[in-house]
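First comes the structure, then the notes that go with it.
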Amino acid sequence: MDKNKWTKIFEFTGSGLAIVYSLLIASNTGNEILGFLLLLISALLFAGWAVIDRRWAFLALQFFYIISAIIGLIRWS
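Structural data, given as structure tokens:
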């Protein structure tokens, strides 16, 4: 697959997961673990997109989202 196809996959999948994780966490329905897991996956996909497109500030932002997801997973486990 070419670079453009990978970035679209990472962008749209990451965005979809970000929408779902934010709804799960905000809903306060006991789905926080799943929400933080989706946050982690979303941030990893966005990090892949950032590396492919050489968007270093966006990659740095994803690092903090990844750390937030890990903290959330640990605290809610």
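In this text, residue positions in the sequence shown follow the working numbering: the first is 15, and each later residue adds one. Glycine included, every Cβ here is placed at the ideal spot set by N, Cα and C.
In or out: A168 buried (at least 16 other Cβ within 10 Å) or exposed? Residue 168 is absent from the structure shown; the chain starts at 15 and stops at 91.
So what does DSSP say about D16, is it helix, strand or coil? coil
Under the three-state reduction of DSSP, which class applies to T21: helix, strand or coil? In the structure shown, T21 falls within a helical segment according to DSSP collapsed to helix, strand and coil.
C-alpha distance - Q76 paired with N42, whole-angstrom precision: 24 Å
Rounded separation between L73 and V65 - CA only: Straight-line Cα distance between these residues: approximately 7 Å.
From R68 to G28, what does the alpha carbon distance come to, in whole angstroms? 17 Å
Apply the 10 Å Cβ neighbour rule to W63 and answer buried if 16 or more other Cβ atoms are within range, or exposed otherwise. buried
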